[in-house]
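A short write-up of the structure that comes next.
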């Protein structure tokens, strides 16, 4: 468990072991292709399409079992990251907030507010948690500059 605390309205506890089921997770390979968020909007043409998708599934022939098997396999083989911004936003940082500080037992690193949208938590490597105790690695990534601010074994996140 990792806690976001500090200059915000709420302290939030993060459980990285649940992120494998979070639709916002992204494969590292996809991140490098410019996909920063795994969520995809659900769109329906009209009520008939919505009803069919809910009652029958949206494809013919049915593919739900195959899709489920494929997704389970990807969980066991892929490496995933998740964008940190939604978690930081949920802590509701105060208006005078300028950075977050990622900390571990030995060191810390400051991430300025401008880089928060590019801050990612690496929690799964080849289908396994990065650390057995639920800690994560972090980095910032944008397509122009690549990876930066790499930080291992994040144990605490302080909003400052």
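Residue numbers (the numbering used here): 702 to 861. Note that CB positions come from ideal geometry on N, CA and C, so glycine has one too. This one's a predicted model, so the numbers in the text were calculated from it and none came from an experiment.
- Annotation: residue 795 to residue 811 spans about 17 angstroms, alpha carbon to alpha carbon.
- Around the C-beta of residue 848, fewer than 16 other C-beta atoms lie within 10 Å, and the residue is accordingly described as exposed.
- C-alpha of residue 708 to C-alpha of residue 815: approximately 17 angstroms in a straight line.
- A straight-line Cα-Cα distance of about 14 angstroms links residue 788 and residue 800.
- DSSP, reduced to helix, strand and coil, places residue 717 within a helical segment of the structure shown.
- With at least 16 other beta carbons inside 10 angstroms of its own, residue 837 counts as buried.
- In this structure, residue 704 lies near residue 714, with their beta-carbon atoms less than 8 angstroms apart.
- Per DSSP, the unbroken beta strand (DSSP E) holding residue 813 starts and ends at 809 to 813.
- When the Cα atoms are used, residue 817 and residue 734 turn out to be separated by approximately 19 angstroms.
- Cβ-Cβ separation between residue 860 and residue 792: approximately 6 angstroms, consistent with a contact (criterion under 8 angstroms).
- Residue 779 and residue 790 have their C-alpha atoms some 27 angstroms from each other.
- Here residue 824 is near residue 830, since their CB atoms are less than 8 angstroms apart.
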